[in-house]
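A short worksheet on the structure shown next.
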Amino acid sequence: MPNGSSKVKNPPPPSADTASSMSSSSRRSTSHLQKSSKGGSEFKGKRSSPAHRRGFLHRNKKNPPPSPQPQNLIAHPKDGVKLKSCVVAFHTCIDDFDRLYETTSPLKVARMHAVYVETVSRIVTHNGGVVHDFEADLIKCSFGASKRCFEPEKRAVQAAVRIQQQLREEAEILKFPSNKDIRVRIGITMGKARCGNLGSGRMKRWTNVGPHFRAASALLQVAREESIPIALSGTVAKACKVHFVCQVVDVVALPPRRFKTIVYTPVEEKHLPADEWMYQLEESTQIEESSVSFQINSAWKHFCNGHPDRCVNMLEKLKRDSRMEEGQTPSETGQQNSTTQPVKVQVEKLKSLVDEFGSGGGQ
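Numbering of the sequence shown is given in UniProt numbering, commencing with residue 1 and proceeding in unit increments.
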C-alpha cells in the first residue's frame, strides 16, 4: 500500500480433520492435568465414576452446583418434617374484656383472668392439645392428629364445651360478675399443617398453623356478632356430626382463600356407647335425609356453591311442609312450634340472603 502498512489477512479456518485432532489432544491434556494435580490416586475405585467427575467439574466458578430447593428440604421425610392429616386451631377470648374494668374492681378482673387462663390451659392439655401463646384474653391452641390424639376435632369441641361449663361453675363459686358480663367466645377450624420434630421446643410445635388461626379468629368474630358461645367451621361440624348435634348459624368467607363456608354451633352432645357409634352413623345418615335440618343444611350448601335457584326451591318445599303440618292436633302443634322455631329463623335468614345477593351467592 502507499502508506507502507501491509494488510493483515485472517488465517483460513481449519479443516475437519485438524479440528478433530485438536479437540482430542485438548481432552487428553486436560485429563492429564487433572490426574497430575491430584496425584492419580483421587480417581480410584468409586471416585472414578462419571458422576464424581461431573461433581468435580461443578466445583469451579463457571459451573457452580445447583442450589437445593427449600421446599424439597422441608417436605423430605428424612429431615424430620412431615405433613399431618389435620390440625384443629382453637381460638378463645372473653367478650368485651376491656370494659370489665369499668364495672368491676381490678382485683376481681385479675382473679377472673387467672382462673380463665388456668382453666383453658388445663382442659386443652388434658384433651391432648397444645397451648401456643396468649395475649390478654386471647388464647391460641391446636389439636394435632396423632396416635396419642386421635379425632382431634372431637377433642377440640369437647374441650370448648367443657371450658364453657367450668367457667360458669367458677363464676358462681368465686362470685364473679354475672354471666351477662362474662361471655367466652371460641372459634374452631380444621385443616392441614406441617409438623417438625427438629430444633428447640418451640420449633417442635406446629409450625404453620397461622392460616388456621386466622380462620379461627374470623369464626371468633362471627361468634361475637351472632351471640353464640362456640363457632365451628363446616369441616369440623361434618367430622363431629356423630358426636354432636350442630346447628347452622351463618355463611362467612374464611381466610386465607376467602371461600364461603357454613358456620355451625354445637347444640347437644350425643352420649353413645363405645360399640354403637358405627350403627348410629348409619342411622343418622338415613334419618337426616328426611329431617328438616338436613333440608336446611342442603339449602345453605346450594347457596354457598352459587346455586340460589336450588336454594329457593328448597325453601319453597320447606314452606309447603310447614303448611301441611298446620292441620295437626293442638298438642302436636304446640310441640312442633317449640321445635321448629329455630327452623323458621333459618328459613328467614336464608330468604334474606338470597334476596340480597341474588345469583352471586357462591362467588
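Just so you know, even glycine gets a beta-carbon here, dropped at the ideal spot from N, CA and C.
Is the beta carbon of residue j closer than 9 Å to that of residue i?
i: H243; j: V124; result: no
i: I228; j: T189; result: no
i: G187; j: L220; result: yes
i: C93; j: R162; result: no
i: K140; j: F213; result: yes
i: S142; j: V88; result: yes
i: A160; j: M112; result: no
i: V267; j: C246; result: yes
i: G128; j: F90; result: no
i: E226; j: D250; result: yes
i: F97; j: V117; result: no
i: L167; j: V115; result: yes
What are the start and end residues of the beta strand (DSSP E) that includes residue i?
i: P266; result: 259 to 269
i: A253; result: 244 to 254
i: E135; result: 130 to 135
i: A237; result: Looking at the DSSP string, A237 is not in any beta strand (DSSP E); the run it does join, the alpha helix (DSSP H), is 234 to 239.
Note down, in chain order, each residue of its chain lying with its Cβ closer than 6 Å to the Cβ of residue i, except the 5 sequence neighbours on either side.
i: G234; result: T261, I262
i: L232; result: I188, Y264
i: D137; result: C93, I94, F97
i: L100; result: V109
i: K317; result: none
i: L254; result: A215, A218, T261
Decide if residue i is buried, meaning its Cβ has at least 16 other Cβ atoms within 10 Å, or exposed.
i: T333; result: Unreliable positioning characterises T333 in this predicted model, as indicated by a pLDDT of 44, which lies under 50. A coordinate reading is not provided.
i: N313; result: exposed
i: V252; result: buried
i: D309; result: exposed
i: T103; result: exposed
i: A218; result: buried
i: residue 365; result: One cannot answer for residue 365 here, as it falls past the ends of the chain, which runs 1 to 363.
i: I173; result: exposed
Residue range of the alpha helix (DSSP H) that residue i falls in?
i: R224; result: 210 to 226
i: V115; result: 106 to 126
i: A159; result: 152 to 173
Using C-beta distances below 7 Å, list every residue in its chain close to residue i, excluding the 5 sequence neighbours before and after it, in chain order.
i: residue 367; result: Residue 367 lies beyond the range of the chain shown here (1 to 363); nothing can be said about it.
i: V120; result: T92, I139, I163
i: D95; result: R183, R185, R224
i: P106; result: none
i: R122; result: none
i: G210; result: none
So if DSSP puts residue i in a beta bridge, which residue, or which two residues, is it bridged to?
i: H91; result: K140, G187
i: I230; result: I186
I'd like to know if residue i contacts chain C, where contact means its C-beta is closer than 9 Å to some C-beta of that chain.
i: N127; result: Reference to chain C is not applicable here, since this structure consists of a single protein chain.
Taking 8 Å as the limit between beta carbons, can you name the residues of its chain near residue i, skipping five residues before and five after?
i: V236; result: V88, E153, A156, V157, I188, T189, M190, Y264
i: K38; result: Confidence at K38 is low in this model, with a pLDDT of 46, below 50, so its placement is unreliable and no value can be given for it.
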